Amino acid sequence: MTNARPPRLSTWLAERLTPLDRRQSVIGDLLEQLHCGRSVWWYRRQVAGTILAGLAADIAAHKLLAIRSLVIGWSAMYLVYQFLQFVHQTRVTIFGRWGSTLWGDSEVLRQLWVYYGLPFQLVTCLLLMTVGWMVARLHRRRLPGIVIVFSATLLIPGVLQALETRRMLQTPWWPGWGWGSFRWALVYYVVLSLVVYPLCVIVGGLCGRAVDPARALRAE
Amino acid sequence: MPKHDVLGGFELLVLLALIRLGDEAYGVPISNEIEASSGRSVSVGSVYITLARLERKGLVTSRTGESTPERGGRARTYFHATASALKQVRLARRTLTRLWQGVPQLKDEPL
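Protein chains in written order, with our numbering: chain A, 1 to 220; chain B, 1001 to 1111.
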C-alpha cells in the first residue's frame, strides 16, 4: 500500500476523455492499483492508453458520426474564415486605431499588435473554441473521439502552412534578414496553426462535454 | 458465420482470462492475467472496451460491485462469461488446433 497521490492532469483527462460506458470503473481500477503500489508513471501510461484505445474504438464504431462532425465542423470553419477575412481587412483601421492608443510608445506592444496580430489571434481562438464547443454539443455521447478527430483535421492546413513557411525560409531572398523579427513571425504563425488552433478546438470541445454522463448515456 | 460472431485475437485473450479468474474478474486482474500469460503490456482501458464489445455480443455479463475509499468511492464492475462465451472459446480452440495441425513448420514445436 502506498499513499501516492494520483497525478492531477492525468485524472482530469481521464474524467473527461475515457470512454463513457465504464469511465468510473476504469478510473477506480487505476486509483486502486496506484494505492497498491503501482507507480505514477504506470498510472499516466494507463490513462493515455485508455484514452487512445477509447478514441479508436469510438471512431471505428461510429464512422458516420465522425463524418457528420467533420461536415458540421468544417462548415462552421468556413463561416469563421469568412468572418475573419472581413475582420482581417478592417483590422488595420479598427484595431490600428484602438491599438495606437494602447501601445503608446512601446515598440513591443506595437509589434505584438501589428505584426503578431494579437487581438486578431484572440478573436480567432475564441471562434475556434466556439466551433469545438458546437461540435461537442452535437455529439455529446461520442464526444472525445469526435472532437479530437475534428481538431486533428485542422492540422492539415497547419502542416501545409509549415511546409510553405519552410520553403520560404530556405529561399535565397532572405540572406540579409538573418533570424530577424520577420522570420520569427513566420514561425509564430506556424505554431499557431499546428498547436494553438487545434488546442482551442479541444478546449472548446471539453467545455461542451456532457455535464451528466449518465444522462448522455440514456439520451442515446 | 456472421462477422460479429467471430472472436478477435484480443477478445479471445480477454475471454480466456475472464474464465480463468472466475467470479472475481474485473478490469485490472484481467489485464494482469493477460500480461502474465502473453508478456505484452495491456492497458486497462482496452480491456474494458473489449469487455463492452463482448457484452454487446452477449458473451459477457456484468454486475456492479462494492466501492472502496482506495478507488475514490468508485464501484468495481465484475464480469462473468456466459455459456455462449464458452461455446465460442471452444470453437476458436478447435479452429486454431485444426489450422495448427496443417502447418508442418510448427509440427514439432513445444507449446
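The beta carbon of each residue, even a glycine, is placed where N, CA and C say it ideally should be. For clarity, every value in this text was computed on a predicted model and none was experimentally measured.
Separation of residue j from residue i, as counted between CA atoms
i: R8(A); j: A14(A); result: 10 Å
i: T90(A); j: L122(A); result: 16 Å
i: Q82(A); j: C125(A); result: 15 Å
i: D1023(B); j: A1017(B); result: 11 Å
i: L192(A); j: W184(A); result: 12 Å
i: Y189(A); j: T50(A); result: 33 Å
i: Q170(A); j: C36(A); result: 55 Å
i: T1097(B); j: L1106(B); result: 11 Å
i: A136(A); j: P1104(B); result: 54 Å
i: E220(A); j: G205(A); result: With a pLDDT of only 43 at E220(A), under 50, the local geometry of the prediction cannot be trusted, and the value read off the model is given with reservation. Distance between the alpha carbons of E220(A) and G205(A): 19 Å.
i: G208(A); j: L79(A); result: 20 Å
i: L217(A); j: M129(A); result: Because L217(A) sits at a pLDDT of 47, beneath the cut-off of 50, its placement in the model cannot be relied upon, and the following sentence gives the value as read from the coordinates. Spanning the two alpha carbons is a distance of roughly 24 Å.
i: R1093(B); j: S1041(B); result: 23 Å
i: S75(A); j: H88(A); result: 20 Å
i: P6(A); j: Q161(A); result: 39 Å
Presumed contact (8 Å Cβ cut-off) between residue i and residue j, rounded CB distance
i: I1019(B); j: V1047(B); result: Their Cβ separation, rounded to whole angstroms, is 14 Å, which puts I1019(B) and V1047(B) out of contact at 8 Å.
i: Y1026(B); j: D29(A); result: 7 Å
i: P19(A); j: A57(A); result: 7 Å
i: I59(A); j: V147(A); result: Their Cβ separation, rounded to whole angstroms, is 11 Å, which puts I59(A) and V147(A) out of contact at 8 Å.
Chain-ordered neighbours of residue i on chain B, where CB pairs are closer than 7 Å
i: L296(A); result: Past the boundaries of the shown model lies residue 296(A); chain A is included only from 1 to 220, so the question cannot be answered.
i: H35(A); result: E1070
i: A57(A); result: I1049
Neighbour list for residue i in chain A, Cβ cutoff strictly below 7 Å
i: T1077(B); result: R22 and S25
i: R1071(B); result: G28, L31 and E32
i: A1052(B); result: D21 and R22
i: I1034(B); result: In chain order: nothing, as chain A lies at least about 13 Å away.
i: G1027(B); result: S25, V26 and D29
Beta-carbon proximity of residue i to residue j, cut-off 9 Å
i: H1080(B); j: T1061(B); result: yes
i: L186(A); j: G158(A); result: no
i: L1059(B); j: L1013(B); result: no
i: L17(A); j: L55(A); result: yes
i: M134(A); j: I72(A); result: yes
i: Q24(A); j: R1053(B); result: no
Chain A residues whose Cβ lies nearer than 9 Å to that of residue i
i: I1019(B); result: What I1019(B) touches in chain A: nothing, since even the nearest Cβ is about 20 Å away.
Check: residue i C-beta below 8 Å from any heavy atom of the ligand FMN
i: L1054(B); result: Ligands in the displayed structure: none, and consequently the ligand FMN is not present.
Chain E residues whose Cβ lies nearer than 8 Å to that of residue i
i: R1074(B); result: No chain E appears in this structure, whose protein chains are A and B.
Chain B contact residues for residue i, given Cβ-Cβ distances below 9 Å
i: T50(A); result: S1043, V1044, G1045, S1046, Y1048 and I1049
Beta-carbon neighbours of residue i, restricted to chain B and to distances below 8 Å
i: G54(A); result: G1045 and I1049
(request) Quick one: which unbroken alpha helix (DSSP H) runs of 4-plus residues sit fully inside the region 1020-1085 of chain B? Chain order, please. (result) Note on the region 1020-1085 of chain B: whole alpha helix (DSSP H) runs with a minimum of 4 residues are 1027-1038 and 1044-1056, in chain order.
(request) Could you tell me which uninterrupted alpha helix (DSSP H) segments, each at least 4 residues in length, are contained entirely in the region 184-211 of chain A, listed from first to last along the chain? (result) Within the region 184-211 of chain A, the complete alpha helix (DSSP H) runs of at least 4 residues fall at 197-207.
(request) Enumerate, from N- to C-terminal direction, the unbroken beta strand (DSSP E) stretches of 3 or more residues contained entirely within the region 17-64 of chain A. (result) Taking only runs of at least 3 residues, no beta strand (DSSP E) segment lies wholly in the region 17-64 of chain A.
(request) Could you pull out every unbroken alpha helix (DSSP H) segment of at least 4 residues lying fully inside the region 138-164 of chain A, listed in chain order? (result) Taking 4 residues as the shortest admissible run, the region 138-164 of chain A contains the following complete alpha helix (DSSP H) segments, listed from N- to C-terminal end: 143-153.
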